[in-house]
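Asks:
Residue numbers (the numbering used here): 15 to 418.
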């Protein structure tokens, strides 16, 4: 026993030290259990929250996603596509003015075939949303983190659509030039003026339209080339008109008759060709070359030198019709009649005047305006036995093989 200092005895309590340790241990385990429980509940809550978050956005785009500047978070595929297409619609429906001079057409990118990849980008957002990890879902659900997905939408302008549109305009605008022409339907000559044509330069015009599409421009100008006629009225500053039947030759200068001559065109058996021709060669003091020395020309000289006795006279002007020409003759009695073998005879004085007035390339109009006037009889005073209309076919001396 021990004294308490007062003379009394202090009696120890049985087991008092062991009980204290047990109480402390029990308190610790209770705390641990509570903590574990709290943690378990928290984990379960977080897990459920993450699970609930995933379920809520199943098949939808996660929050924080933008496409073409549009917040598509929480949207389904269809909703996102509609929202994005509404946002880019102004780009597809904007008006572009295509013009040339006073002509103007309006077209939109969509009409040309412009398309966006909105559906593809929305699909990418959905796939990215479906691949997010559990921890990322926890962060988004518990801490409010956003899903980092941001894409633009591309708009493409197919070359075929631009080409087709420009070629369509070209089909409406293109115009062939009209050549100036000679009208002799009345038996007299007049000219009809030519008109320029035009052609849309498709390549340059496509480039201008594509530039407006890519840069957001509102105007595109067509490139159009003016096409000049190949034949202008200047080509007809001089025209020769042979009026068969009347048997006259007229020279038109700048649309007016300035000279006329009496001639002898072809007879019925050997008619002077009709239509539009031109002078291909001017022959000064021509030499006649025998065209058929072994047949009908066997009795004729191999050639006849230039001079008054030459069957072609003092001048000859070849036509673009084979074997036909204006030429001089001493058989002036035949003038005014249809007496030749196809050529057009003139007096030597007249053919010299004609030779000096016209150039190679001068148009010739030959037309029958009245019944033929055959020569009544063959004169006996001719200076040559050679028919002047079948003696030569050009400067080369190749002859016209027609016989009397």
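For each residue, glycine too, the CB sits at the ideal point set by N, CA and C. Quick caveat: nothing in here was measured; it's all calculated off a predicted structure.
#1: On the DSSP bridge list, what partners appear for residue 342?
#2: State the CB to CB distance for the pair residue 371 and residue 273, rounded to an integer number of angstroms; the pair is presumed to be in contact (CB under 8 Å).
#3: Could you tell me which uninterrupted alpha helix (DSSP H) segments, each at least 4 residues in length, are contained entirely in the stretch 86 to 135, listed from first to last along the chain?
#4: State yes or no: is the C-beta of residue 210 within less than 8 Å of the C-beta of residue 237?
#5: Please classify residue 37: is it buried, with 16 or more other beta-carbons within 10 angstroms of its beta-carbon, or exposed?
#6: Am I right that residue 286 and residue 199 are in contact with their C-beta atoms under 8 Å? What's the rounded C-beta distance?
#7: In three-state terms, what does DSSP make of residue 351?
#8: Does DSSP put residue 179 in a helix, a strand or coil?
#9: Rounding to the nearest angstrom, what Cα-Cα distance links residue 117 and residue 108 in this structure?
#10: Buried or exposed: which applies to residue 28, given that a residue is buried once 16 or more other Cβ atoms fall within 10 Å of its Cβ?
#11: I want to know whether the stretch 203 to 217 touches the stretch 181 to 192 - three or more CB-CB distances under 8 Å.
#12: In whole angstroms, what separates the C-alpha of residue 365 from that of residue 220?
#13: Return yes when the Cβ of residue 253 is within less than 8 Å of the Cβ of residue 375, no when it is not.
#14: Am I right that residue 162 and residue 87 are in contact with their C-beta atoms under 8 Å? What's the rounded C-beta distance?
#15: Which value, in whole angstroms, describes the spacing of the CA atoms of residue 312 and residue 359?
#16: Would you check if the stretch 336 to 356 and the stretch 221 to 230 touch, i.e. whether three or more CB-CB distances between them fall below 8 Å?
#17: The ligand ADP heavy atoms versus the CB of residue 304: any closer than 7 Å?
#18: Distance check for residue 324 and residue 345, CA to CA, integer angstroms please.
#19: DSSP three-state call for residue 38: helix, strand or coil?
#20: Write down the C-beta distance between residue 297 and residue 330 rounded to the nearest angstrom, noting that I regard them as a contact closer than 8 Å.
#21: Give me the residue from 114, 111, 83 with the minimum Cα distance to residue 100.
#22: Per DSSP, residue 333 is paired with what?
#23: Under 8 Å Cβ to Cβ from residue 288, same chain only, skipping five residues before and after it: list those, please.
#24: Within its chain, find whatever has a CB closer than 8 Å to the CB of residue 222; leave out the 5 residues flanking it on each side and keep chain order.
#25: Mark residue 337 as exposed unless 16 or more other C-beta atoms lie within 10 angstroms of its C-beta, in which case mark it buried.
#26: For residue 170, write down the residues that DSSP places opposite it in a beta bridge.
#27: Spatial neighbours of residue 196 within its chain, please: CB distance less than 7 Å, with the 5 preceding and 5 following residues excluded, ordered by chain position.
#28: Compute the Euclidean distance between the alpha carbons of residue 327 and residue 317, then round it to the nearest angstrom.
#29: Can you give the Cα-Cα distance for residue 340 and residue 245, rounded to whole angstroms?
#30: Roughly how many whole angstroms lie between the Cα atoms of residue 363 and residue 114?
#31: Alpha carbon to alpha carbon, what distance is there between residue 261 and residue 277?
#32: What separation, rounded to the nearest whole angstrom, lies between the Cα atoms of residue 405 and residue 320?
#33: In whole angstroms, what separates the C-alpha of residue 165 from that of residue 46?
#34: Going straight from the alpha carbon of residue 305 to that of residue 299, what length do you get?
#35: Given a threshold of 16 other Cβ atoms within 10 Å of its Cβ, counted over all protein chains shown, does residue 281 qualify as buried or as exposed?
Replies: The relevant details are as follows:
#1: The sequence position of residue 342 within the chain shown is 328, counting from 1. By DSSP's assignment, residue 342 forms a beta bridge with 360.
#2: Taking the first residue of the chain shown as 1, we reach residue 371 at position 357. Taking the first residue of the chain shown as 1, we reach residue 273 at position 259. In this structure residue 371 touches residue 273 by the C-beta definition: roughly 7 Å separates them, less than 8 Å.
#3: Listed in chain order, they are 91 to 107, 123 to 126.
#4: In the chain shown, residue 210 corresponds to position 196, counting from 1. In the chain shown, residue 237 corresponds to position 223, counting from 1. In this structure, residue 237 does not lie closer than 8 Å to residue 210 by Cβ.
#5: As a first step, residue 37 must be located in the chain shown, where it is residue number 23. Classification for residue 37: exposed.
#6: As a position in the chain shown, residue 286 is number 272, starting the count at 1. As a position in the chain shown, residue 199 is number 185, starting the count at 1. About 19 Å; that fails the 8 Å criterion.
#7: Mapped onto the chain shown, residue 351 falls at position 337. Assigned with DSSP and collapsed to three states, residue 351 falls in coil, not helix or strand.
#8: For the purposes of this step, residue 179 is taken as the residue at position 165 of the chain shown. Reduced to three states, the DSSP call for residue 179 is helix.
#9: For the purposes of this step, residue 117 is taken as residue 103 along the chain shown, with counting starting at 1. For the purposes of this step, residue 108 is taken as residue 94 along the chain shown, with counting starting at 1. Distance between the alpha carbons of residue 117 and residue 108 is about 20 Å.
#10: Here residue 28 refers to the residue found at position 14 when the chain shown is read from its first residue. Per-residue confidence for residue 28 stands at a pLDDT of 47, beneath the threshold of 50, marking its modelled position as unreliable; the derived number appears in the next sentence. It is exposed - the Cβ of residue 28 has fewer than 16 other Cβ atoms within 10 Å.
#11: By the criterion of at least three beta-carbon pairs nearer than 8 Å, the stretch 203 to 217 is in contact with the stretch 181 to 192.
#12: Against the chain shown, residue 365 aligns to sequence position 351. Against the chain shown, residue 220 aligns to sequence position 206. Here the alpha carbons of residue 220 and residue 365 stand approximately 59 Å from one another.
#13: As a working note, residue 375 is residue 361 in the chain shown. As a working note, residue 253 is residue 239 in the chain shown. Against a cut-off of 8 Å, the Cβ pair of residue 253 and residue 375 comes out as no contact.
#14: Position 148 of the chain shown, counted from the start, is the residue given in the question as residue 162. Position 73 of the chain shown, counted from the start, is the residue given in the question as residue 87. The beta-carbon separation of residue 162 and residue 87, rounded to 11 Å, does not stay under the 8 Å limit for a contact.
#15: Working through the chain shown from its first residue, we reach residue 312 at position 298. Working through the chain shown from its first residue, we reach residue 359 at position 345. Here the alpha carbons of residue 359 and residue 312 stand approximately 25 Å from one another.
#16: These segments do not touch.
#17: Among the components modelled here there is no ligand, and therefore nothing to report on the ligand ADP.
#18: Position 331 of the chain shown holds residue 345. Position 310 of the chain shown holds residue 324. Going from the Cα of residue 345 to the Cα of residue 324 covers about 12 Å.
#19: Here residue 38 refers to the residue found at position 24 of the chain shown. Three-state result, residue 38: helix.
#20: Within the chain shown, the letter at position 283 stands for residue 297. Within the chain shown, the letter at position 316 stands for residue 330. Their Cβ separation, rounded to whole angstroms, is 4 Å, which keeps residue 297 and residue 330 in contact under 8 Å.
#21: Along the chain shown, read from residue 1 onward, the residue named residue 100 stands at position 86. The shortest CA-to-CA distance from residue 100 to any of 114, 111, 83 is the one to 83.
#22: By 1-based counting over the chain shown, the position of residue 333 is 319. Per DSSP, 293.
#23: Here residue 288 corresponds to residue number 274 of the chain shown, with the count starting at 1. Closer than 8 Å at Cβ, skipping near neighbours: 258, 380, 381, 382.
#24: Against the chain shown, residue 222 aligns to sequence position 208. The residues are 234, 235, 236, 237.
#25: Here residue 337 corresponds to residue number 323 of the chain shown, with the count starting at 1. Under this definition residue 337 is a buried residue.
#26: The residue labelled residue 170 in the question sits at position 156 within the chain shown. Answer is 129, bridged to residue 170.
#27: Numbered from 1 along the chain shown, position 182 holds the residue referred to as residue 196. Same-chain partners within the cutoff: 203, 205, 250, 253, 290, 377, 379.
#28: Within the chain shown, numbered from 1, the residue matching residue 327 stands at position 313. Within the chain shown, numbered from 1, the residue matching residue 317 stands at position 303. If I take the Cα positions, the gap works out to 14 Å.
#29: By 1-based counting over the chain shown, the position of residue 340 is 326. By 1-based counting over the chain shown, the position of residue 245 is 231. Rounded to whole angstroms, residue 340 to residue 245 spans 25 Å at the Cα level.
#30: Walking along the chain shown from the start, residue 363 turns up at place 349. Walking along the chain shown from the start, residue 114 turns up at place 100. Rounded to the nearest angstrom, the gap between the Cα atoms of residue 363 and residue 114 is 58 Å.
#31: The residue given as residue 277 occupies position 263 in the chain shown. The residue given as residue 261 occupies position 247 in the chain shown. One C-alpha to the other measures close to 6 Å.
#32: For the purposes of this step, residue 405 is taken as residue 391 along the chain shown, with counting starting at 1. For the purposes of this step, residue 320 is taken as residue 306 along the chain shown, with counting starting at 1. Interpretation of residue 405 is limited by its pLDDT of 46, a score under 50 that renders its predicted location unreliable; the figure taken from the coordinates is listed afterwards. Taking the straight line from one Cα to the other gives about 13 Å.
#33: Here residue 165 is taken as the residue at index 151 of the chain shown, counted from 1. Here residue 46 is taken as the residue at index 32 of the chain shown, counted from 1. Looking at the two C-alpha atoms, the distance is approximately 49 Å.
#34: Here residue 305 corresponds to residue number 291 of the chain shown, with the count starting at 1. Here residue 299 corresponds to residue number 285 of the chain shown, with the count starting at 1. If you draw a straight line from the Cα of residue 305 to the Cα of residue 299, it comes to about 18 Å.
#35: The sequence position of residue 281 within the chain shown is 267, counting from 1. Buried is the call here.
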